[in-house]
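What follows is a single structure, written as structure tokens, with notes after it.
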Amino acid sequence: WLNGEPFIQRLVLDQGYFPGGLLTAASDEDLRRDIDLAKAMGFNGARKHQKAEDPRWLYWADVLGFLVWSEMPSFYEFTPEAGRRLAAEWTEIVQRDRGHPSIVTWVVANESFGLDQVGAEERSRYTSNLYRLTHELDGTRPVVSNDGWEHSRSDLCTLHDYSPPADMQRRYRTLESALAGGASGHPAYDAGHAYFGEPVIVSEFGGLRVAGSGGWGWLEVADGAEFLQAYHGLVDALMEPGPVEGFCYTQLTDVEQEQNGLLTADRRPKLEPELLRPVTQTPKRT
Numbered sequence: 610w611l612n613g614e615p616f617i618q619r620l621v622l623d624q625g626y627f628p629g630g631l632l633t634a635a636s637d638e639d640l641r642r643d644i645d646l647a648k649a650m651g652f653n654g655a656r657k658h659q660k661a662e663d664p665r666w667l668y669w670a671d672v673l674g675f676l677v678w679s680e681m682p683s684f685y686e687f688t689p690e691a692g693r694r695l696a697a698e699w700t701e702i703v704q705r706d707r708g709h710p711s712i713v714t715w716v717v718a719n720e721s722f723g724l725d726q727v728g729a730e731e732r733s734r735y736t737s738n739l740y741r742l743t744h745e746l747d748g749t750r751p752v753v754s755n756d757g758w759e760h761s762r763s764d765l766c767t768l769h770d771y772s773p774p775a776d777m778q779r780r781y782r783t784l785e786s787a788l789a790g791g792a793s794g795h796p797a798y799d800a801g802h803a804y805f806g807e808p809v810i811v812s813e814f815g816g817l818r819v820a821g822s823g824g825w826g827w828l829e830v831a832d833g834a835e836f837l838q839a840y841h842g843l844v845d846a847l848m849e850p851g852p853v854e855g856f857c858y859t860q861l862t863d864v865e866q867e868q869n870g871l872l873t874a875d876r877r878p879k880l881e882p883e884l885l886r887p888v889t890q891t892p893k894r895t
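Residue numbers (this note's numbering): 610 to 895.
Next up, the structure:
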């Protein structure tokens, strides 16, 4: 819900990389341009992936009415010291950014990054502690404990699924099949935790790449026409009657070897935004 009305979050994954500057934009105009381009393609927000973004970008999100999921960058490998440092840095991020009205969700971990070598009990204890810490710092927004899978306590049930359209359509017809974990090979929840009616959002899917463009993508298509057809099939599968209440498409731009963006790294659209916009805004059917 947003402002008292039912609201479908139509997000795009945004890693915030820039040619020549890597994680640093060359100008304020470059930061605003990313939001303008995302909105032109029909998205109403972004999941900032593994990056604490420049406050100037958050300013433009506030001004332009663009929703933001703020996500903590992960450590490479869990140790008690790494855990303490991450919690301290996350505290600084939340305290710095919680005044931005564009931020609607905090994400404390992603796909068990850095936590895949520890047991489920230790992993869920750590993500649960981060969940509680975040609510202590800001009790006004939902908190995601481990985006994609292996959730502990979490205010949203977020799932990552890079399956083709037909598989997506079958999987998201029912809540039971959505939570079965067949797409990622990981359970939706860690042992000792379970789904308790949280909104279900597919927070990574798609990753379409045009054949011959180099690099890597999750799903390969032959050309722009097939790209649009596949994108339509993916979004349509999530907007069919079923448990899904929002999505986040991978991804806004090409990033290094990940050549699966809707834009090239230098922000050239691979398809005209006006072709993508009506697909992105496909109504949810009930």
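Just so it is clear, CB atoms sit at the ideal spot from N, CA and C, and this is done for glycine as well.
{"Asked": "Given that a residue counts as buried once 16 or more other Cβ atoms are within 10 Å of its Cβ, and exposed if not, what is A831?", "Found": "exposed"}
{"Asked": "Could you give the first and the last residue of the continuous alpha helix (DSSP H) run that contains W610?", "Found": "Taken as a continuous stretch (DSSP letters only), W610 belongs to no alpha helix (DSSP H), as it is neither H nor E."}
{"Asked": "Would the region 663 to 673 count as touching the region 737 to 744 if we require 3 or more Cβ pairs under 8 Å?", "Found": "no"}
{"Asked": "Rounded to the nearest angstrom, what separates V727 and N755 at their Cα positions?", "Found": "14 Å"}
{"Asked": "Quick check: the region 786 to 794 against the region 873 to 893, are at least 3 beta-carbon pairs closer than 8 Å?", "Found": "no"}
{"Asked": "Could you pull out every unbroken beta strand (DSSP E) segment of at least 3 residues lying fully inside the region 740 to 789, listed in chain order?", "Found": "766 to 769"}
{"Asked": "Report the three-state DSSP secondary structure of Q618 (helix, strand or coil).", "Found": "strand"}
{"Asked": "Look at K657 and L673 and say whether their C-beta atoms are less than 9 Å apart.", "Found": "no"}
{"Asked": "Which of the three DSSP states, helix, strand or coil, is assigned to E835?", "Found": "helix"}
{"Asked": "Helix, strand or coil: how does DSSP classify N653 here?", "Found": "coil"}
{"Asked": "Can you tell me whether T767 is buried or exposed, with buried defined as 16 or more other CB within 10 angstroms of its CB?", "Found": "buried"}
{"Asked": "What whole-angstrom Cβ distance do G826 and Q868 have, given they're in contact under 8 Å?", "Found": "6 Å"}
{"Asked": "Just curious, the beta strand (DSSP E) that V830 is in, first and last residue?", "Found": "L828 to V830"}
{"Asked": "Within the same chain, show all residues whose beta-carbon is closer than 7 Å to that of S711, passing over the 5 residues directly before and after it, in chain order.", "Found": "L667, A670, D671, F675, L676 and V677"}
{"Asked": "Which whole-angstrom value describes the C-beta separation of L880 and L817, a residue pair presumed to lie in contact below a C-beta threshold of 8 Å?", "Found": "L880 to L817, Cβ: 10 Å. No contact."}
{"Asked": "Can you tell me which of the three DSSP states E662 falls into?", "Found": "coil"}
{"Asked": "Counting along the chain, where does the beta strand (DSSP E) carrying E854 start and finish?", "Found": "V853 to T859"}
{"Asked": "With distances taken from CA atoms, which of G692, R707 and A697 is nearest S679?", "Found": "R707"}
{"Asked": "Between the C-alpha atoms of S761 and A803, what's the straight-line distance to the nearest angstrom?", "Found": "8 Å"}
{"Asked": "Alpha carbon to alpha carbon, what distance is there between G821 and A696?", "Found": "42 Å"}
{"Asked": "Just to confirm, are G625 and E686 a CB contact at a threshold of 9 Å?", "Found": "no"}
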